[in-house]
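Here the sequence shown is numbered in the working numbering, starting from 24 and rising by one per residue.
What follows is one structure encoded as structure tokens, with my remarks underneath.
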Amino acid sequence: YLPATSLRGLLRRLAAQGMPNWALTWFGPDAGATDSLVAGALTVADAHLRDEQSLGSTDDLPAYAKKFGTCVAHNVSIDRITGTAADHLLFAYEYVPVASVFEATVQLGPSSQKDLAALLGLINMIDGTPHAAIGS
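Here it is, written out as structure tokens:
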């Protein structure tokens with residue numbers, strides 16, 4: 024699955040870059056802002072793989088992941104000064120094949136046709152390019 028927080032973060036980043044007028048309304052103010060307790064109008068749920076046939080081609084996965092169709096890889100952060108592994112900074116990321124199909128529910132609070140059209144435009148910005156990738 025793709026966590027709702029990751030999807031919401033991606034949508035927020037895309038909105039801030041291409042639709043800044045909508046970003047505050049849909050997502051609320053940035054963390055740490057004086058009015059940061061104001062909620063945005065957009066609710067996003069976890070996305071789940073549609074079904075087993077929705078998993079994309081495993082051709083782009085590492086050899087050990089081809090059997091399972093997805094895998095989790097672990098790594099450590101490197102200290103920029105010493106060039107060695109940084110203490111306590113182990114992280115993991117998951118490979119998901121290109122063209123895998125996920126389904127999610129996105130709900131927009133009180134809205135007009137113009138709001139919905141803008142939201143669909145935002146969702147269409149998730150086009151599979153690195154610009155629209157989840158995570159960093």
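Note that the Cβ used here is the ideal one computed from N, Cα and C, for glycine as well.
Worksheet item: By how many angstroms is the C-alpha of I157 removed from the C-alpha of D74?
Response: 21 Å
Worksheet item: In this structure, does DSSP put T28 in helix, strand or coil?
Response: helix
Worksheet item: How about the stretch 142 to 154 and the stretch 34 to 44: do they share at least three Cβ pairs that are nearer than 8 Å?
Response: yes
Worksheet item: So, helix, strand or coil for A115, using DSSP?
Response: strand
Practice prompt. With a threshold of 16 other CB atoms inside 10 Å of the CB of F114, please say whether the residue is buried or exposed.
Written response: exposed
Worksheet item: Can the beta-carbon of V129 be found closer than 9 Å to that of L47?
Response: no
Discussion item. Between which two residues does the beta strand (DSSP E) holding A96 run?
Written reply: 94 to 101
Worksheet item: When DSSP labels each residue in this structure, what does D110 get in the three-state scheme?
Response: strand
Worksheet item: What's the C-alpha gap between I104 and Y118?
Response: Cα-Cα distance, rounded: 29 Å.
Worksheet item: Of all the options F125, A108, L142, A127, which has the alpha carbon lying nearest to the alpha carbon of P133?
Response: L142
Worksheet item: Is V95 buried or exposed, if buried means 16 or more other CB atoms sit within 10 Å of its CB?
Response: exposed
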